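To start, the structure under review is shown below, and the notes come after it.
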């Protein structure tokens, strides 16, 4: 089921353990089956991870030791599968086995099979050697009784002929019986007593025999002749002499004697074949089983090294009577290339002494794929001893024994890592895929083996050998952990003729038995020349076995010779080198199309002399003519144009249609034709009431002109679409206190209701004696004398040295201000507006400049003489200056709560001091018991002219703040912490005002800097006369300002005073500041 959570609780009434195992399982990966030991999911989790899912049947049997199991099956809403099936049962009780019985396992889950056996030499009391029992569903064992184990019984001690038993230890397993022969008889072993044992299978060992006291018959000695020198042949005193056949040598005494105890004085001698002590030396070959000893008549097999063949006799040689091998054959090189297995298409066979390799042809590269992979010849002898070179050899462990099938092995003598090595010559470049190693049994019984190996390889011993490395360039070190047969495969095969195995680490001694695995590469893989720089091809590169070719896209052809499609190789190039503009059989050039001619009364818009694929050629008709046909032709991929040359015809415009609904009439000179010749006009007229032509210069006519625009033909009756729209009255002019109803648009016959806001009274009427304002046919709204009578804003005042200009104080009316003093301007020239529900009725100064706020209400953190806090007022001559502090400020008690809307700030400039804040912080609160509120963010003050300390800055707050106590702190300043300021706002009203102004009037500020009179326009030159330095009359410059006062005058350098005598050039600068 989808989107379900199924909980299955399984309980064993007896409270003992129960088990569950799945026999079918197919659950989608998004679903899961969870199994818990207990009654809830907090019990021991028997499932792995988040539960079982997928199609693999869980192999484990789940056992709940608590006796209760919870199976939770969760599915989602999107996927489903066939589900699952499981069996469950109570577990069987623990089996109580008899003494000595051995169990295959101790599981008690249902379905468990347990096999009981007894130790060697014992069996169950029931006589059986094995008992099998299974835990059946329901919790019962198929066999519940397991008897004890007891010793195997061999039966009574058996009797022998001509002898008797003299006792036994017991008649069960490992029991022994002792025998003795009767007088005149003896055991063949000549021992006085013989013992037999009771075996593990309940049988006695083979019984001894007692023979009569005479020498036993002499065995027949192969290849020997015996002669009796004395006696009857087996009786006491018999003497026998032995002589070997020709070709054999005797081992043992040549004469033996039958002694009184019935035994011969020694064993008869043997005649063994004569040994051939030295194997023949066969160049490029070897004798198989070279370590074997060969005797007269023995045959040895000769095998040539890999890559050589047997000539001059059989591969079987026989040890001759002279203890030498007769007629040994020779091994000569096989020319494998005569019947090469090399792939003829991709390789060239190269024969080498004893081998061959497949050299890649041009256009092909080596590949590490080859078949079949097998041993390269150390074990089989395909790699001869002379192809094996070692660093050194320990006595008794020569290099010849390094082969894996050697019974001994090779050991080096150096103890330093990497100084013991084995170099193999594979006779030709061969692909090596891995190697096998085996430990070496040393004479002291210890096992020596190599535990770490590095590989080096090359194709030429005169070159530096390359390390077999990881991708990061570090040498690969092959690790061997146990002294067993180890197979080590190379992660990446290599191809080399010479391969060196360097022993980096070893156990006991640097010993090794070795075989190398690989194969001979018979083919090469094609080099995809197109993969590198596209094979040098301009467009497409087509790879082929051992070669490649360039192909061009549709519309292009391969540049094969000079003149192809009209293109030629530059004189400075050859066409054969990379980088040439045109490269033979690599560069693609566009196919050529035939030339074109211009149409009559038109031209071709191109300067090309020839045309190629993709060229788009455009045509243009002379002025007054229009094109019939395509305006451009495209040179196609087939080298032909996609059409024919167009025609140029005299231009005509399509006439405009009459619009009956709007009453528009279009009058033409030829009423029968809808086409208007170039430069001719049509006349436009409107005939419906309230509809009129648009009031433009061309609204009454249209002329057929050349006026190309997007979406229009080149020749058309140019101009906006004509029409007789309804007269447009425009947006109705706002009326103070009035509210207008909705209207569809502002055109003829549209209307809306005229109403008044609260506190206003409707007065007057329209020309139709109602209060519905209609757009008339004349394009004027019919307001009649409708109006709203009600309250007005109060006089907002005017700035000092300024004036006010207003036509009304009604709602919506604007009041403008100006400055009457020459050189003064408003700091903010925008008008203020009488609005409904304002923040203040009138925004005005709160009393610092007027003196309403007393000196006692003004305090500061610090102050300077003549620049006390009481001088903070904007109209003060000096101003307030604090001392050098981390944070200095001035506080003001306004006397009551005001709504603060703006702050006017300026710096201080006098002959004594200058200073201006560049960043201030504003604090405020309503009651003395409250904490100050910090206004965020700080205010940054800028100046139009650097050094203009007295410039006034007006900071307007977006939303008023209610405050009685305010602090203005100086965060940063220029020169000194000085300022003057005034607050703008209004008293906190008891009732919110109905009408008022959005802002207060802007103060007038001096916009003209001081000017100097008598300022020299040329340098003043002091001359030397007959009596020394001559005096110069100088009228010092005087500063004047339009404000009537100069706040500060600076002369630089400060030491300049008249009269003055000087002997060097000096520059004098006068700077004046106004307030």
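Residue numbers (our numbering): 15 to 1089. All C-beta atoms in this analysis are idealised placements derived from N, C-alpha and C, irrespective of residue type, glycine included. The structure displayed is predicted, hence computed values, not measured ones.
Here's the rule I'm using: 16 or more other beta-carbon atoms within 10 Å means buried, otherwise exposed. How should residue i be labelled?
i, result
"residue 1029", "exposed"
"residue 313", "exposed"
"residue 494", "buried"
"residue 817", "exposed"
"residue 1005", "exposed"
"residue 215", "exposed"
"residue 146", "exposed"
"residue 111", "buried"
"residue 901", "exposed"
"residue 1020", "buried"
"residue 26", "buried"
"residue 1163", "Residue 1163 falls outside the range modelled here, since the chain spans only 15 to 1089, and no answer is possible."
"residue 601", "buried"
"residue 476", "exposed"
"residue 273", "exposed"
"residue 562", "buried"
Could you tell me how far apart the beta carbons of residue i and residue j are, in whole angstroms, since I believe they sit closer than 8 Å?
i, j, result
"residue 237", "residue 285", "4 Å"
"residue 528", "residue 515", "7 Å"
"residue 845", "residue 828", "4 Å"
"residue 530", "residue 340", "At roughly 36 Å, the Cβ-Cβ gap does not stay under 8 Å, so residue 530 and residue 340 are not in contact."
"residue 890", "residue 968", "With a Cβ gap of about 18 Å, residue 890 and residue 968 do not count as contacting."
"residue 52", "residue 95", "At roughly 28 Å, the Cβ-Cβ gap does not stay under 8 Å, so residue 52 and residue 95 are not in contact."
"residue 316", "residue 296", "6 Å"
"residue 977", "residue 914", "5 Å"
"residue 704", "residue 740", "6 Å"
With distances taken Cα to Cα, identify the nearest neighbour of residue i among the options.
i, options, result
"residue 952", "938, 920, 1000 and 985", "985"
"residue 557", "378, 920 and 610", "378"
"residue 39", "48, 69 and 17", "69"
"residue 1043", "1066, 1012, 391 and 1075", "1075"
"residue 127", "774, 155, 576 and 866", "155"
"residue 425", "438, 350 and 406", "406"
"residue 107", "45, 41 and 30", "30"
"residue 910", "1000, 841 and 1057", "1000"
"residue 260", "239, 280, 223 and 561", "239"
"residue 539", "577, 358 and 642", "358"
"residue 262", "363, 335, 230 and 778", "335"
"residue 33", "709, 124, 138 and 908", "124"
"residue 946", "923, 600, 813 and 907", "907"
"residue 991", "877, 1025 and 1027", "877"
"residue 770", "805, 758 and 783", "805"
"residue 66", "996, 88 and 55", "88"
"residue 152", "104, 497 and 346", "104"
"residue 60", "44, 54 and 78", "78"
"residue 700", "713, 916, 319 and 168", "713"
"residue 16", "46, 23 and 28", "46"
"residue 802", "819, 822, 813 and 778", "778"
In this structure, what does DSSP give as the bridge partners for residue i?
i, result
"residue 745", "Looking at the DSSP assignment, residue 745 forms no beta bridge with any residue, so it has no partner."
"residue 462", "454"
"residue 558", "561"
"residue 681", "697"
"residue 1102", "One cannot answer for residue 1102 here, as it falls past the ends of the chain, which runs 15 to 1089."
"residue 123", "DSSP lists no partner for residue 123."
"residue 160", "111"
"residue 607", "625"
"residue 380", "DSSP output for residue 380 lists no bridge partner at all."
"residue 99", "38"
Next item on the list: Would you mind listing the beta strand (DSSP E) stretches within the stretch 899-940 that are 3+ residues and don't spill past its ends, in chain order?
Entry: Within the stretch 899-940, the complete beta strand (DSSP E) runs of at least 3 residues are 902-920 and 928-939.
Item checked: Secondary structure, beta strand (DSSP E): runs of 3+ residues fully inside the stretch 267-312 -> 269-271, 284-287 and 299-301
Check: Which runs of the alpha helix (DSSP H), 4 residues or longer, sit entirely within the stretch 622-652?
Finding: none
Notebook entry, point to check: At what residue ranges does the stretch 732-804 contain a whole run of the beta strand (DSSP E), taking only runs of 3 or more?
Noted result: 752-754, 765-770, 775-777, 786-788 and 801-803
Next item on the list: With a floor of 3 residues, list each beta strand (DSSP E) that falls wholly inside the stretch 159-243, ordered by position along the chain.
Entry: 163-165, 177-182, 190-195 and 208-211
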